[in-house]
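Residues 31 to 370 in this note's numbering are what the sequence shown spells out, letter by letter. For every residue, glycine included, the Cβ atom is placed at its ideal position computed from N, Cα and C. If you're wondering where the values come from, they're calculated on a predicted model, not measured in any experiment. Contents: one structure, followed by commentary.
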Amino acid sequence: MDTNIYTKKDLKLAAKDINDGQLVSFPTETVYGLGADATNEKAVKAVYAAKGRPSDNPLIVHVDGPDMVKQYAQPLSKEAQSLLDTFWPGPLTIIFKLKPDVLSKAVTGGLDTAAFRNPNNDVTLSLIREAGVPIVGPSANTSGKPSPTKAEHVYHDLKGKIAGILDDGESKYGVESTVLDMSTDKPAILRPGAITAEQISKVIHKPVLDQRTKVADDQVPKAPGMKYKHYAPNAQVYIVDDEDEWQEAVDWAAKQDHPVGIMADNHNINGYDWSDNVETFSLGDNVNSASHLLFAGLRHFDNEPEVKSILTQAFSSDGIGEAYMNRLNKSAGQVHFHLR
Ligand code: TXA
Ligand code: MG
């Protein structure tokens, strides 16, 4: 099939594809999603096939606002309502208990809960409204690869497999939404994102188990997706944890018999005398730009198969830094430069 590149003037065409049970990639403020009508089981199954995604890994249901959630979820608690009031539309996905038999097993992976997200992107909100149905959407990458932050990334992975890509430029944050489990009385973050445990806790006046405290607590269900390989480029990624490791990185890179990729901030890229076999990719000036550019950088080096190692800068785990480090750790398979 030919994959159409749509822009917002083609919204009706994209919505028609969704209503016809076709797959359309949609833009969000985090990453691009791979959309299908959440109420059409056959279309939802096609999402797993296009991505090569394991079928026990449930999908996020994208809605145009809280009212659409209420059709599917059990009555929301006061805390849940205040989260929607505060953070929606935005990069916070919330897991709620479902009414019985309202969404197919293909969406939920057989769980009695589902993840809901109200993305902060006008084109996609209009798409959901125009289609009149919630839209499931995992990130629109081949399973295991870095998530797409531009329409080109989606086209690279899924051309010929989906009906269209709705192009709305680069995703603002570049890392996927925070996933918060509100289906039990112990709210827990299953995946860190731009909205932090601290911000959530302030709104619900309750402690929120975060990534680190959660591991110690067996009671908390994990996101099924967490056990799978993620964000892995073809080259080995090494995490450079400390500022004072960069001179050693320069010396190490110079000794390699293959091209080496460097992903670091402008300060580090401009501050050293890199050897000729080094190719640099700037992560900008701070953790916000680094989060925005991380997946694009990993994909950039995937287009250069001779690059066998990518040294990537760590940032401190505050704010969106926790999400950045979570994704970087996964793409590196926890391999650190100082432990190489
Ligand atoms: O920013 C985002 O969230 C992007 C954009 C497109 O919205 N979407 C995204 O979807 O990252 P995906 O499918 O790549 O990640 C969804 C995560 C997975 O780790 C999945 O296991 C978890 O959410 N999840 C979905 N439903 C769940 C449920 N009912 N219980 C626990 N985890 C769930
Ligand atoms: Mg994903």
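Of the heavy atoms belonging to ligand 2, none sits nearer than 7 Å to the Cβ of Ser85.
Within the model, the alpha-carbon separation for Thr138 versus Pro88 is close to 5 Å. Ala45 and Leu157 do touch by the CB rule: their CB atoms are close to 6 Å apart, below 8 Å. If you draw a straight line from the Cα of Ser85 to the Cα of His260, it comes to about 16 Å. The bridge partners DSSP lists for Gly174 come to none. With respect to Ile350, Asn298 sits apart: the two C-beta atoms are not nearer than 8 Å.
Look at Thr138 here: in three-state DSSP terms it is helix. Each residue's CA atom was taken as its position, placing Asn148 and Arg370 some 41 Å apart. Bounds of any beta strand (DSSP E) do not take in Arg329; it lies within the alpha helix (DSSP H) bounded by 317-332. Straight-line measurement puts the Cα of Tyr302 at about 18 Å from the Cα of Ser339. Thr208 is not a Cβ neighbour of Pro217, given a cutoff of 8 Å. For Lys100, no beta strand (DSSP E) encloses it; the enclosing alpha helix (DSSP H) starts and ends at 96-100.
When Ala224, Asp131, Asp281 are compared, the shortest CA-CA separation from Ala320 is found for Ala224.
According to the DSSP assignment, Thr123 belongs to the beta strand (DSSP E) that extends over 122-127. Checking the 7 Å criterion, the Cβ of Ala110 is out of range of every heavy atom belonging to ligand 1. For His92, the enclosing beta strand (DSSP E) stretches over residues 90-92.
Annotation: Ala284 to Val308 spans about 8 Å, alpha carbon to alpha carbon.
Taken in chain order, the complete alpha helix (DSSP H) segments of 4 residues or longer contained in the stretch 215-240 are 227-234.
Within the model, the alpha-carbon separation for Val93 versus Leu155 is close to 8 Å.
Short note on Ile90: C-beta closer than 7 Å to some heavy atom of ligand 1. Exclusion of Ser339 from the 7 Å shell around ligand 2 follows from its C-beta lying no nearer than that to any non-hydrogen atom of the ligand.
Around Gly120, the same chain offers Asn150 as residues with beta carbons nearer than 6 Å, after the five sequence neighbours per side are excluded.
If you check the C-beta of Pro168 against ligand 2, you find a heavy atom less than 7 Å away.
No Cβ-Cβ contact shorter than 8 Å links Ser213 with Thr123. Annotated three-state conformation of Leu210 is strand, per DSSP. A straight line joining the alpha-carbon of Asn296 with that of Glu206 spans about 24 Å. Segment contact: the stretch 226-240 against the stretch 324-333, fewer than three CB-CB distances shorter than 8 Å; contact not assigned.
According to the DSSP secondary-structure assignment, Asn34 is paired through a beta bridge with Gly194. When C-beta atoms of the stretch 45-64 are compared with those of the stretch 157-170, three or more pairs fall below 8 Å, so the two segments count as touching. Per DSSP, the beta-bridge partners of Ser339 are Gln266, Val290. For Ala145, the shortest C-beta to heavy atom distance toward ligand 1 is below 7 Å.
Here Thr143 is bridged, per DSSP, to Lys127. Relative to ligand 2, the beta carbon of Ser312 is positioned no closer than 7 Å to any heavy atom. Cβ-Cβ distances below 6 Å link Gly65 to Val54, Phe56, Ile165, Gly167 in the same chain, with the five nearest sequence neighbours on each side left out; the list follows chain order.
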